[in-house]
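Participant:
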Amino acid sequence: MIRIFLKLVVLLACLYQPIAAYASETKIMIIGDSLSAGYGLKQDQDWVNLLQNKYVEEKKSILLINMSVSGQTTDNALLKIDAQLKAHNPSHVLIELGGNDGIRGFPIKLIRNHLTQLVEKSKNNGAEVAIMKIQIPPNLGPRYTKMFTDNYQKVAQATGAHLMDYFMVPIAVDKSLMQNDNLHPNEKAQPIIRDFMAEQFNQWLN
């Protein structure tokens, strides 16, 4: 009788393991623009795919859900985020947005309002949220550029979102890592961004 009981315990434990692993899986939904969508690259060359492959090789239960779209602005993302949250129910959301807004000179308060809504919608869905501190070229003058960058700190402080470093800072200064448009990272830059983001995610998740 004791042997039968022990066998049942072992069997239940084996059955429970994959269920527990699935339940504890970290699902990070990335809401970004062309920098995370792999603009100008072949399929699967972008940093998101490279990082997902790294997690698979390391047998880490982390799933990256890439909702990034080239040209996406914060208002574009707001139109879609409710459906995306419902469809994927992520445990974590990274918001890598605002660059296209800033380049087009969108009002600073409007960008901040959109970013705040994106964070709050994600948090209300039960996700931990990180917001990436985007930087833009100084084309619109130092005042606008500073106000734009400061937006991210303000949103993070107001919402409790994790403020994440911008992966383009070490990339944009090296022309060998940029495409001919001097706006998007090339294939050579993707493994560097992958490793940068692996560390950023590690800090965030821990």
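For the sequence shown, the positions run -23 to -1, 1 to 183 when mature numbering (1 follows the signal peptide of the UniProt record, and there is no 0) is used. Idealized CB from N, CA, C, for every residue including glycine.
In this structure, what does DSSP give as the bridge partners for Pro162?
Facilitator: Taking the sequence shown and counting its residues from 1, one reaches residue 162 at position 185. The partner list for Pro162 (beta bridge, DSSP) reads Met155.
Participant: Using the C-alpha atoms, what's the distance from Met6 back to Ala54?
Facilitator: Residue 54 sits at position 77 when you count from the first residue of the sequence shown. Residue 6 sits at position 29 when you count from the first residue of the sequence shown. Cα to Cα, Ala54 sits roughly 13 Å from Met6.
Participant: Are the C-beta atoms of Ile80 and some chain D residue less than 8 Å apart?
Facilitator: Included in the structure is just one protein chain, with no chain D present.
Participant: By the three-class DSSP mapping on this structure, what secondary structure does Ala138 have?
Facilitator: Position 161 of the sequence shown, counted from the start, is the residue given in the question as residue 138. In this structure, Ala138 counts as coil in the three-state DSSP scheme.
Participant: Using a threshold of 8 Å, state whether the C-beta atoms of Ile108 and Tyr129 are closer than that.
Facilitator: Locating residue 108 in the sequence shown gives position 131, counting from the first residue. Locating residue 129 in the sequence shown gives position 152, counting from the first residue. Contact: yes.
Participant: Compute the minimum distance between the beta carbon of Ala64 and the heavy atoms of the ligand ZN, and state whether it is under 7 Å.
Facilitator: The ligand ZN is not among the ligands present in this structure, which contains no ligands whatsoever.
Participant: Does the beta-carbon distance from His65 to Lys131 come in below 8 Å?
Facilitator: Within the sequence shown, the letter at position 88 stands for residue 65. Within the sequence shown, the letter at position 154 stands for residue 131. For His65 and Lys131, no; Cβs fall outside 8 Å.
Participant: Tell me the rounded alpha-carbon separation between Asp127 and Ile111.
Facilitator: On the sequence shown, residue 127 is found 150 positions in, with the first residue counted as 1. On the sequence shown, residue 111 is found 134 positions in, with the first residue counted as 1. About 10 Å.
Participant: Which residue comes first and which comes last in the beta strand (DSSP E) that contains Ile42?
Facilitator: Indexing the sequence shown from 1 puts residue 42 at position 65. Taken as a continuous stretch (DSSP letters only), the beta strand (DSSP E) holding Ile42 covers 39 to 43.
Participant: Could you compute how far the alpha carbon of Asp142 sits from the alpha carbon of Asp78?
Facilitator: To locate residue 142, count along the sequence shown from 1; it is residue 165. To locate residue 78, count along the sequence shown from 1; it is residue 101. When rounded, the distance between both Cα atoms is 19 Å.
Participant: In whole angstroms, what is the alpha-carbon distance linking Glu35 and Gly137?
Facilitator: Counted from its first residue, the sequence shown places residue 35 at position 58. Counted from its first residue, the sequence shown places residue 137 at position 160. Whole-angstrom Cα-Cα distance: 30 Å.
Participant: Is the CB-CB distance between Ser38 and Ala14 below 8 Å?
Facilitator: If you number the sequence shown from 1, residue 38 lands on position 61. If you number the sequence shown from 1, residue 14 lands on position 37. Their beta carbons are not under 8 Å apart, which means Ser38 does not touch Ala14 by this criterion.
Participant: Please look up how many angstroms separate the CB atoms of Gly75 and Leu92, rounded, as I've assumed it's under 8 Å.
Facilitator: As a working mapping, residue 75 is identified with position 98 in the sequence shown. As a working mapping, residue 92 is identified with position 115 in the sequence shown. Between Leu92 and Gly75 the Cβ distance is about 6 Å, and since that is below 8 Å, they are a contact.
Participant: Distance check for Ile170 and Tyr32, CA to CA, integer angstroms please.
Facilitator: Here residue 32 refers to the residue found at position 55 of the sequence shown. Here residue 170 refers to the residue found at position 193 of the sequence shown. So the alpha carbons of these two residues sit roughly 15 Å apart.
Participant: Counting only runs of 4+ residues fully inside the stretch 76 to 110, write out the alpha helix (DSSP H) ranges in chain order.
Facilitator: Complete alpha helix (DSSP H) runs here, min 4: 76 to 80, 85 to 101.
Participant: What is the residue span of the alpha helix (DSSP H) that Leu28 lies within?
Facilitator: Numbered from 1 along the sequence shown, position 51 holds the residue referred to as residue 28. Taken as a continuous stretch (DSSP letters only), the alpha helix (DSSP H) holding Leu28 covers 24 to 34.
Participant: What three-state label does DSSP hand Thr51 in the structure shown?
Facilitator: Along the sequence shown, one-based indexing puts residue 51 at 74. Three-state result, Thr51: helix.
Participant: So what does DSSP say about Ile169, is it helix, strand or coil?
Facilitator: Within the sequence shown, the letter at position 192 stands for residue 169. Ile169: helix per DSSP, three-state reduction.
Participant: Would you call Arg120 buried or exposed, if buried means 16 or more other Cβ atoms sit within 10 Å of its Cβ?
Facilitator: Locating residue 120 in the sequence shown gives position 143, where the first residue counts as 1. Counting Cβ neighbours within 10 Å, Arg120 comes out exposed, since fewer than 16 surround it.
Participant: Is DSSP giving Tyr(-2) helix, strand or coil here?
Facilitator: Position 22 of the sequence shown holds residue -2. Note that Tyr(-2) scores 37 on pLDDT, short of 50, meaning its location in the model is unreliable and no value can be drawn from it.
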